[in-house]
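See below for the structure under consideration.
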Amino acid sequence: MKIELINAKKWIDLFVEKLETNKVVLNELDTAIGDGDHGTNMNRGAEAISAAFAKKEPENLADLYKTTAFAMIQKVGGASGPLYGTAFLDMSKAVKTDNLELGDLIKVGTDGLKRRGESDYGMKTMIDVWQPVSEALSEDKFNQQVITDALVKSKELVATKGRASYLEEKSKGHIDPGSQSSAYLFESLLEVIGD
Ligand code: ADP
Ligand code: MG
Ligand code: MG
């Protein structure tokens, strides 16, 4: 399955909305195993995305993802800014020549996260959500359960990257904040493409 500009724009608009609605939730998750700012960080990004779209309607997919990436890189700060920024920038570059299948598109983003974060699947980071979503999309099996299962699985892990890794065993049993914001990203996608 591929996504066209109009739906991709809806996708990112919904993500922005969910970040705004769930700012406190994300801060609370980050308070438990980090420094409590993930909701605040992502909301600076969400505002910057809205402002950039209001200033100039994205003309194509590459433009849409690039605008999203720049807002994240410039405004989010924290670890998550450059991570989301890299994922969306790589996705922007990838769609310049080809409107990729969604599974491949999200894989490009996942690979960007791994490269930028020097991290991998299973370290209790947002990658634990991006990777299974990309795989499910490629197998035409993407639905809410995929996202829920990814969160449940990652919750029980001990973090080995990011601030949560400082807590070692105590990071177990908590949802990783970046995984939750990524869950909002992909729940937004589901709302646009259906399951
Ligand atoms: P900070 O930890 O700098 O305060 P945020 O709270 O905004 O930044 O974002 C934290 C999230 O970033 C984590 O929940 C995790 O999902 C993600 N993260 C942190 N480090 C890495 C990494 N090396 N690779 C992938 N994701 C990471
Ligand atoms: Mg934080
Ligand atoms: Mg911080």
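The sequence shown runs contiguously to residue 195 in the UniProt record's numbering.
Just so it is clear, CB atoms sit at the ideal spot from N, CA and C, and this is done for glycine as well.
Y166 classed as buried or exposed, judged by whether at least 16 other C-beta atoms fall within 10 angstroms = exposed
key: Closest by C-alpha distance to L26, when choosing among G194, G178, S171   = G178
task = Under 8 Å by Cβ, that's how I've got G109 and D90 pegged, so tell me the actual separation to the nearest angstrom.
result = 6 Å
request  = Kindly provide the ranges of any alpha helix (DSSP H) runs that are 4 or more residues long and lie completely inside the region 65-152, ordered along the chain.
outcome  = 80-95, 102-117, 127-138
query = Can you pull every residue whose C-beta falls closer than 6 Å to some heavy atom of ligand 3, listed in chain order?
reply = D35, D37, G78
ask   = Can you check whether the CB of L185 is closer than 7 Å to the CB of F15?
value = yes
key: Contact belief for residue 197 with M126 at Cβ below 8 Å, rounded distance in angstroms   = Residue 197 cannot be examined here, being either before or after the span of the chain that is shown, 1 to 195.
inquiry  = Is any non-hydrogen atom of ligand 1 found closer than 6 Å to the C-beta of K161, if you look at the structure I gave you?
reply    = yes
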